[in-house]
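Protein chains in written order, with the working numbering: chain W, 53 to 166; chain L, 206 to 319.
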């Protein structure tokens with residue numbers, strides 16, 4: 053079991069470029085999430101997908117789009133990257149049977165926008 | 206509006222002593238509270254959780270205490286070990302709606318000195 057995997061691990065973009073961050077989980081979880089982590093800000097939810105076929109905005113969705121490709125995969129797209137999107141991005145998934153809402157995180161993607 | 210707050214950015218403790226990490230929240234509708242641990246260049250990993258109907262949950266060296274009247278929870282690590290040095294995030298969730306969204310605090314960096 054790989055758990056939650058993310059690609060790439062690191063990325064440097066120029067302002068205005070686009071890219072897609074990939075996330076996959078092999079735990080058969082229904083729900084998946086994208087967060088960004090910035091110094092002093094904790095983890096902030098960008099988008100989530102409660103189940104296959106649904107996506108919803110989180111706390112900081114502006115400048116991002118998501119696709120729930122299938123039950124395993126949930127991608128995050130930056131259409132026109134801005135320096136304010138320099139951050140570490142984490143994908144997570146959740147077992148719907150877990151009453152405590154425990155989420156399992158991937159290793160993260162460190163993105164720098166110049 | 207920060208619904209979950211960790212007011213201490215950092216904490217330094219001697220090996221073998223107790224580490225106490227604190228977290229405050231504002232929303233009395235939260236059902237579960239969770240603690241995550243994060244090492245540099247890794248994703249957060251789940252540590253321990255507590256239901257809002259309990260006031261204490263223990264797992265080995267880790268104990269979480271919940272004071273609902275004060276809207277305050279704390280994580281106690283006894284005894285502290287150098288391997289516990291990491292960033293600790295508290296998080297809260299509402300089960301209603303089953304979206305599994307977590308709201309995170311800003312994090313506290315714990316340093317355990319040998």
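Quick reminder that beta carbons are idealized off the backbone N, C-alpha and C, glycines included.
Item, Value
"Within 10 angstroms of the Cβ of residue 64 (chain W), are there 16 or more other Cβ atoms? Answer buried if so, exposed if not.", "exposed"
"Could you check where the beta strand (DSSP E) with residue 247 (chain L) kicks off and where it finishes?", "Unbroken run through residue 247 (chain L): none, as it is neither H nor E."
"Identify the contact partners of residue 92 (chain W) in chain L, using a Cβ-Cβ distance below 9 Å as the criterion.", "214, 311, 312"
"Quick check on this structure: which residue in L:318, L:319, L:243, L:221 has the alpha carbon closest to the alpha carbon of residue 295 (chain L)?", "L:243"
"Determine the chain L residues that contact residue 78 (chain W) at a beta-carbon separation under 9 Å, and present them in chain order.", "Result: empty, since nearest Cβ-Cβ is about 15 Å, beyond 9 Å."
"Is it buried or exposed for residue 152 (chain W), if we count other Cβ within 10 angstroms and need 16 for buried?", "buried"
"Cα separation between residue 231 (chain L) and residue 99 (chain W)?", "23 Å"
"What would DSSP say about residue 94 (chain W), mapped onto helix, strand or coil?", "strand"
"Classify residue 132 (chain W) as helix, strand or coil using the three-state DSSP reduction.", "coil"
"Could you tell me whether the Cβ of residue 127 (chain W) comes closer than 8 Å to any Cβ of chain L?", "no"
"Under a three-way DSSP split, which group does residue 108 (chain W) fall into?", "strand"
"Between residue 239 (chain L) and chain W, is there a C-beta pair that is closer than 8 Å?", "yes"
"Have a look at W:69, W:104, W:95 and flag the residue whose alpha-carbon is nearest the alpha-carbon of residue 148 (chain W).", "W:104"
"Answer yes or no: does any C-beta atom of chain W fall closer than 8 Å to that of residue 270 (chain L)?", "no"
"Name the DSSP beta bridge partners of residue 294 (chain L), please?", "L:241"
"Near residue 70 (chain W), which residues of its chain fall below 8 Å by C-beta distance, leaving aside the five closest residues on each side in sequence?", "129, 130, 131, 132, 133"
"Report yes if the CB atom of residue 224 (chain L) is closer than 8 Å to the CB atom of residue 279 (chain L), and no otherwise.", "no"
"For residue 77 (chain W), count neighbouring Cβ atoms within 10 angstroms of its own Cβ and tell me buried if that reaches 16, exposed if not.", "buried"
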